[in-house]
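*Asks:*
Residue numbers (my numbering), protein chains in the order written: chain L, 9 to 212; chain D, 9 to 212.
1. Please say whether residue 132 of chain D and residue 66 of chain D have beta carbons closer to each other than 9 Å?
2. Any contact between the segment 62 to 81 of chain L and the segment 136 to 144 of chain L? By contact I mean 3 or more CB pairs, one from each, below 8 Å.
3. Taking C-beta pairs closer than 7 Å, name the residues in chain C that residue 116 of chain D reaches, listed in chain order.
4. For residue 84 of chain L and residue 49 of chain D, what's the separation of their Cα atoms in angstroms?
5. Within the segment 92 to 174 of chain D, note down every full beta strand (DSSP E) run reaching 3 residues or more, in order along the chain.
6. Is residue 43 of chain L buried or exposed, if buried means 16 or more other CB atoms sit within 10 Å of its CB?
7. Relative to the C-alpha of residue 21 of chain L, which residue among L:41, L:135, L:68 is closest?
8. Buried or exposed: residue 195 of chain L, going by 16 or more other Cβ atoms within 10 Å of its Cβ?
9. Leaving out five residues on either side along the sequence, give the residues of the same chain with a beta carbon under 6 Å from the beta carbon of residue 119 of chain D.
10. What are the boundary residues of the alpha helix (DSSP H) that includes residue 33 of chain D?
11. In the DSSP assignment, find the alpha helix (DSSP H) that holds residue 73 of chain L and state where it starts and stops.
12. Here's a check: name, in chain order, each residue in its chain whose Cβ is nearer than 6 Å to the Cβ of residue 91 of chain D, leaving out the five neighbours to either side.
13. Quick one: Cα of residue 40 of chain L to Cα of residue 89 of chain L, how far?
14. Between L:70, L:97, L:163, which lies nearest to residue 81 of chain L when the distance is taken from Cα to Cα?
15. Counting Cβ pairs closer than 8 Å, one from the segment 167 to 174 of chain D and one from the segment 105 to 118 of chain D, do we hit at least three?
16. Looking at C-alpha atoms only, which residue of D:178, D:106, D:161, D:61 is the closest neighbour of residue 38 of chain D?
17. Output needed for residue 144 of chain D: all residues of its chain with C-beta closer than 8 Å, excluding positions within five of it in sequence on either side, in chain order.
18. CA-CA distance, residue 116 of chain D and residue 11 of chain L?
19. Just mark residue 103 of chain L as buried or exposed, buried being the case when its beta carbon has 16 or more other beta carbons within 10 Å.
20. Measure the alpha-carbon distance for residue 71 of chain D versus residue 128 of chain L and round it to whole angstroms.
21. Counting only C-beta atoms, is residue 60 of chain D closer than 9 Å to chain L at any point?
So this is what it looks like as structure tokens:
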């Protein structure tokens, strides 16, 4: 293993430990000493890598967001030139994450926890979530559904909501129907566009 | 004003200040001294009312959940014997809360923030969210939609997801389509029940 690859490997291990540490304690209720202990390093080393605790949080979130971004390439490779199959795979993959991840999405959790106005992590979170939104919207458009922006935002909200809901009420709460809710939404947008105001707004 | 009513009024003011304090700082990153200062009282008084900080958090969440529970009575009174109109009002009211509340739902935020296994607030949060779920499911069933449990959980996830999404990406992110997403979901469940597996894929 080259020096460069060893350094990268050490960096990955450090970020994995940091992610696990924030999952367990949250971003606010922990000091740099405890972070260093959880990451099996020391405060000096952390400060050599990161200028401050805020900087450390931003880099840990960037690491998580890069991992998540790679998922889209895998999705495309799994069903080349079949965007509807990719969309169905997106649902399955999100359902699997929901089942596996005890603590939900690190970036969404950080958005809830970091209340401070102008905290630098907010830019990292927003950039990541908006990039995910653009990818999902493109996928919905490529899949030929009737209202791609609306379906994409519906699926995003279902995903974020399922994660929070699982934290609040466990896996037998509303999140137990995440996959069926996504499938029903996709099915309804595969039908010809209809004016929801006509159907919902007045009594049938 | 009687002594009893004055005491109740003081209690309401205290809980409103506590809610505002937790909105601004979160539940974890604040000590009892700072809570007392934000609530314009002192530590001694807080400890006379509440045995511990955990107890204080539970009572503050119970106060919020009682306010939210009262919403259902208003909803019923606004459209007596018209569950579909009540369901449409639920969507409008949730959209209004989404626009008004800068910090989202206190109870959902507490579910994200309080990581500690067995924290007594988890029971308060779960009881509240499950009670809301039962009310919404009953409303969907009374409104005669095709799959009341699925529509109810879909709407719950959209609501939780919209709140987190607004914190992550602001009001121009996916949450901007919360109302249309709910309306489209309701419209699709007003149509005769269909097998989503036939339309979407075979994994249902």
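Cβ atoms here follow ideal geometry from the backbone N, Cα and C, with glycine treated the same way. Quick caveat, the model's predicted, so the values are computed rather than measured.
*Replies:* Result, derived from the coordinates:
1. yes
2. yes
3. No chain C appears in the structure shown, which is made up of the protein chains L and D.
4. 58 Å
5. none
6. buried
7. L:68
8. buried
9. 133
10. 11 to 33
11. 61 to 86
12. 147, 150, 151
13. 47 Å
14. L:97
15. yes
16. D:61
17. 98, 160, 163, 164
18. 45 Å
19. buried
20. 33 Å
21. no
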